[in-house]
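Take 36 as the starting number for the sequence shown in our numbering and just add one per residue. Worksheet: the structure to be examined is printed underneath.
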Amino acid sequence: MSADVPAASPSSLVVRGLAAGYHGFQVLRELDIDVLPGITVVLGPNGAGKTTLLKALAGLLPRAGEAVLDGVALPPAEATACVRQGIALVAEGRQLFPHMTVTENLELGAWLSPTSQRRERLARAFEDFPRLRERAAQLAGTMSGGEQQMVAVARAMMSGPRLLMLDEPSLGLAPRMVDELLAIVRRIAAQGVTVLMVEQNVRKALQCADRGYVLERGRIVAAGEARALLESDAIRKAYLGVA
């Protein structure tokens, strides 16, 4: 895979004291995380604040605290500015336009880019995702769940991100498709795009990731190398059903 990546070294995101929520209700409290080159996964039960974290970093929610990408602060609650700075979010549920074709959905991912760059990135997307090239004229809403998720990831890559954020990418997918999708994510990371992923499939996420955080009730309760978390008795008991 030849993902569209910047010439510079892979990016790092430093988050300190992040707080965010909805309508006056605070979901995240004083969160500190480091998203280093490679894949960082955030785990936790429903309602822990995982999606809130991604939305706050993407500029879709007001937030307090600092979020610094490669030494430059991300603007709070300014989604377009965050995209310009190199952030791309694949939202839970894919959020495609079902009555538009695969090509049209992909082109929307490069809406801030000049026309020439958009054409180059579209050609690269079809190179990286051959299945989508075959379905270029198909309506996105008629595709399988796994194919739609591929469109969502490819669309995010059309913006040429330095940091790709994925919210529950395996949700509703068959096991084989989950493996294929996570392999794509690994290849994207190997090409120099830093990945921050929220995922409910704890075992597969930790097998894929380099580092992980466990979020509960808006706070980090565990962090470390993905392999160490996978072998942790506490994680195995809480999330993998191992007594």
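Virtual Cβ for every residue (Gly too), placed ideally from N, Cα, C.
Per DSSP, the beta bridge partners of THR136 are LEU174.
Leaving aside the five residues that flank ALA172 on each side, the residues in its chain whose CB is nearer than 8 Å to its CB run, in chain order, THR136, VAL137 and THR138. If the five residues before and after LEU275 are omitted, its C-beta is found closer than 7 Å to the C-beta atoms of VAL237 and ARG238, all from its own chain and listed in chain order. Taking the C-beta atoms as reference points, GLY253 is found nearer than 8 Å to GLY84. About 17 Å separates the CB atoms of LEU265 and LEU250; that is not less than 8 Å, and the two are not in contact. In this structure the segment 141-148 lies against the segment 156-171, because at least three pairs of beta carbons, one per stretch, are closer than 8 Å. Following the DSSP letters along the chain, one finds GLY181 inside the alpha helix (DSSP H) bounded by residues 180-192. Judged by DSSP in its simplified three-state form, ALA99 adopts strand.
Distances from the CA of VAL50 to each of ALA108, GLY56, SER44 and ILE74 were compared; the closest alpha carbon is that of ALA108. Excluding five sequence positions before and after GLN183, the CB atoms of its chain that fall closer than 7 Å to its own CB belong to ARG129, LEU131 and ALA175, given in chain order.
The beta carbon of ILE255 sits closer than 6 Å to the beta carbons of TYR248 from its chain, once the five residues preceding and following it are set aside; these are given in chain order. THR87 and GLU127 do not touch by the CB rule: their CB atoms are close to 12 Å apart, not below 8 Å.
C-alpha of LEU48 to C-alpha of ARG166: approximately 32 Å in a straight line. Non-local C-beta neighbours of ARG153 in its own chain, meaning closer than 8 Å and more than five positions away in sequence, comprise GLU142, ALA145 and MET193, ordered along the chain. Relative to the Cα of GLY56, the nearest Cα in the group GLY82, ALA261, LEU78 and SER44 belongs to GLY82. Residue nearest to PRO196 within the set GLY227, VAL76, GLY100 and SER151 is GLY227 (criterion: CA-CA distance). Assigned with DSSP and collapsed to three states, VAL118 falls in helix. Residue range 150-163 is occupied by the alpha helix (DSSP H) that includes PHE161.
ALA99 and PRO80 have their C-alpha atoms some 23 Å from each other. Sixteen is the threshold: since fewer than 16 other Cβ atoms of the shown chains lie within 10 Å of the Cβ of ASP268, the residue is exposed. With fewer than 16 other CB atoms across the displayed protein chains lying within 10 angstroms of its CB, ALA209 is exposed. Under DSSP, TYR57 shares a beta bridge with PHE60. C-alpha of ASP69 to C-alpha of GLU215: approximately 27 Å in a straight line.
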